[in-house]
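Notes to accompany the following structure.
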Amino acid sequence: MQSQWEAVLPRLQRYKSLSVPFELNSLKGLLSCFSNMRLILWNTVLTLFVTSLIGALIPEPEVKIEVLQKPFICHRKTKGGDLMLVHYEGYLEKDGSLFHSTHKHNNGQPIWFTLGILEALKGWDQGLKGMCVGEKRKLIIPPALGYGKEGKGKIPPESTLIFNIDLLEIRNGPRSHESFQEMDLNDDWKLSKDEVKAYLKKEFEKHGAVVNESHHDVLVEDIFDKEDEDKDGFISAREFTYKHDEL
C-alpha cells in the first residue's frame, strides 16, 4: 500500500515550476526504510513462532512402564531419595540381546541404588517411582533417558533399552527429610562425607545387610557430586532440602 507522500509526489513533479524539496526525498527514503524494517521484523516473528510451535509439537521423551507382577499388599511405595534393592535384566530393543543381568553378571547379587539422584539412568528415576516391594516392572527407555548419543560398553549410541526390574527391598535413603537430623551428628546444620557414610553403614547393619565399604564410598561420592552445589565439601541443610524437594 502506498503511503500518502508516495501518492502525492508524482503529481507534484508534473509542475515544472516546482521542484521536489530535499526534505520530501529524505522522507520518502525514510518511509521505504521503515517498510523494509517491518518486513524483516514480521519474518523474524513468524520464524520464531513456527520454531516454537514445532518444538511444542515434539513430545518429551518418556518411559513406557508395564507392570508384570504386583503384590497383594503394599506397605510402602518408592519415592525420590529411597534406597532400592533390585534384580534386573537389560536388553537392547533392536535385537533383543541381553547386555546385563544381576543374576548372571553380578555374582547373582542384587544391587542397591538411590532413586531420583541420577545414580542410575534417568529412565530408572522416572520408571521406578511408586513401586512396591515384590513388584516387577518392564521399562522401555528411549535413548534420551538412557545412554543417549554416546552409548556405553555393549550399548550402541541412540539405543532404546528394555529393563525387567524386580524390587526386593526399600529403605530410607540419605536424601530423605527424616534422615537429615539423624545424619547431622554434630548439629552444625551441614553434612560431612563421614557423617553420610556412617549413616549408610548404620542403616545397612540395622537391617542385617552386608556392609560393602567400597560401594558406600562410591555412593557417598556420587551424592556429594550432585548435592554439594558450592563444592565446599559439605552438604548444607539448604542444599539437602532443596535437592530433595525437586525429586
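Going by this note's numbering, 206 is the number at position 206 of the sequence shown; the sequence numbering is gapless. Even glycine gets a Cβ: it sits at the ideal position worked out from N, Cα and C.
- The Cβ atoms of I155 and E93 do not sit closer than 7 Å to each other.
- Here the stretch 87-107 makes no contact with the stretch 191-199; the two share fewer than three CB pairs at distances below 8 Å.
- For W124, the enclosing alpha helix (DSSP H) covers residues 122-127.
- If only uninterrupted alpha helix (DSSP H) runs of at least 4 residues are considered, those enclosed by the stretch 71-125 are 102-105.
- Between P71 and G134 the beta-carbon gap is near 4 Å, inside 8 Å, which marks them as a contact.
- In this structure, the beta-carbon distance from L68 to K136 falls below 7 Å.
- Contact annotation, V63 with L145: C-beta distance approximately 6 Å; criterion of less than 8 Å satisfied.
- Residue state for L185 is assigned as coil, using DSSP reduced to three classes.
- In the structure shown, the three-state DSSP call for D222 is helix.
- Contact between E89 and L83 is ruled out by a C-beta separation of about 21 Å, above the 8 Å threshold.
- Within the DSSP secondary-structure output, E66 pairs in a beta bridge with K138.
- In this structure, F240 places its C-beta atom within 7 Å of the C-beta atom of F180.
- Using a Cβ distance threshold of 7 Å, G151 and P157 count as a contacting pair.
- W112 is classed as buried because its beta carbon has at least 16 other beta carbons within 10 Å across all chains shown.
- Following the DSSP letters along the chain, one finds D194 in no beta strand (DSSP E) but inside the alpha helix (DSSP H) bounded by residues 193-206.
- Contact check for T78 against I170 passes: the beta carbons are separated by less than 7 Å.
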